[in-house]
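Below: one structure, written as structure tokens.
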Amino acid sequence: MADWRSPLMSAVVYRDPKAALKFLEAAFGFELFMLIEDGEGNLVHSEMRFRDTAIMVGYEWSDDYKSPASVGGKVTQSVHIQVDTDIDAHCERARAAGMEIVMAPADQFYGARTYRCRDPEGHIWTVAQEVRAVTREEAEAATGLKITGWI
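Numbering (numbering that gives the first Met the number 0) for the sequence shown: 0 to 150.
Have a look at this one:
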């Protein structure tokens with residue numbers, strides 16, 4: 000077992016997880032660091048790193064564990080990626096790899112620039128880059144909302 004493990008990982012399910020591994024590497028620059036296959040070459044488990052965290056990429060192993068592509072495109076979670084530099088270039092890389100851009104990069108009231116994309120099996124990914132510091136008071140004034148716990 001690797002001596003590095005992310006303390007929290009999302010598991011993303013695909014009909015074709017091996018294709019997803021290649022796609023996520025091309026779209027986001029994720030790095031495969033664990034791949035477990037059975038004797039027939041089928042994926043049993045995999046993990047991909049992104050900076051200091053990771054995701055698991057898995058297969059449909061039961062009726063309750065499905066890709067959005069197998070359940071009418073329904074999504075019960077999305078994965079958030081925080082980047083340090085050039086979110087617009089990141090978006091173009093994702094688009095070039097085949098991501099459907101569902102929200103183009105746009106500045107947000109909380110100081111980030113974000114975009115959203117959908118992968119070929121229907122998973123939604125949100126990507127953000129902090130572009131300016133915003134205080135809680137500034138965010139409340141911009142939205143009219145009461146915000147608790149702002150760091």
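Note that beta-carbon positions come from the ideal geometry of N, C-alpha and C, so glycine has one too.
Predicted model, so just to flag it, every value in this text is computed and none were measured.
Problem set entry | Cβ-based burial, TYR114 [other Cβ within 10 Å; buried from 16] | TYR114 is buried by the Cβ-count criterion.
Exercise. Would you say the region 25 to 35 touches the region 128 to 148, given that touching needs at least three Cβ pairs under 8 Å?
Worked result: The region 25 to 35, when compared against the region 128 to 148, does not touch it at the 8 Å Cβ threshold.
For this session: Grab me the residues of PHE49's own chain with a C-beta within less than 8 Å of its C-beta, minus the 5 sequence neighbours each way, in chain order.
Result: So the list reads PHE27, GLY28, PHE29, GLU30, ILE80, once near-sequence residues are dropped.
For this session: Would you mind giving the Cβ-Cβ distance between VAL74 and HIS122, rounded to the nearest angstrom? I have them listed as a contact below 8 Å.
Result: Yes, they are in contact, since the Cβ atoms of VAL74 and HIS122 sit about 7 Å apart, within 8 Å.
Exercise. From THR147 to SER77, what does the alpha carbon distance come to, in whole angstroms?
Worked result: Going by the C-alpha atoms only, they are around 23 Å apart.
Problem set entry | Three-state secondary structure assigned by DSSP to PHE22 | Shown here, PHE22 sits in a helix according to DSSP, grouped into three states.
Exercise. Quick one, are the C-beta atoms of ALA111 and GLU129 less than 8 Å apart?
Worked result: Yes, the Cβ-Cβ distance between ALA111 and GLU129 is below 8 Å.
Exercise. According to DSSP, is SER106 helix, strand or coil?
Worked result: It is Asp, not Ser, that sits at residue 106 in the sequence shown. Reduced to three states, the DSSP call for ASP106 is strand.
Exercise. Which one or two residues does DSSP pair with THR125 in a beta bridge?
Worked result: Partner(s): HIS79, ARG115.
For this session: Check whether the Cβ atoms of GLY72 and ALA10 lie closer than 8 Å to each other.
Result: Contact: no.
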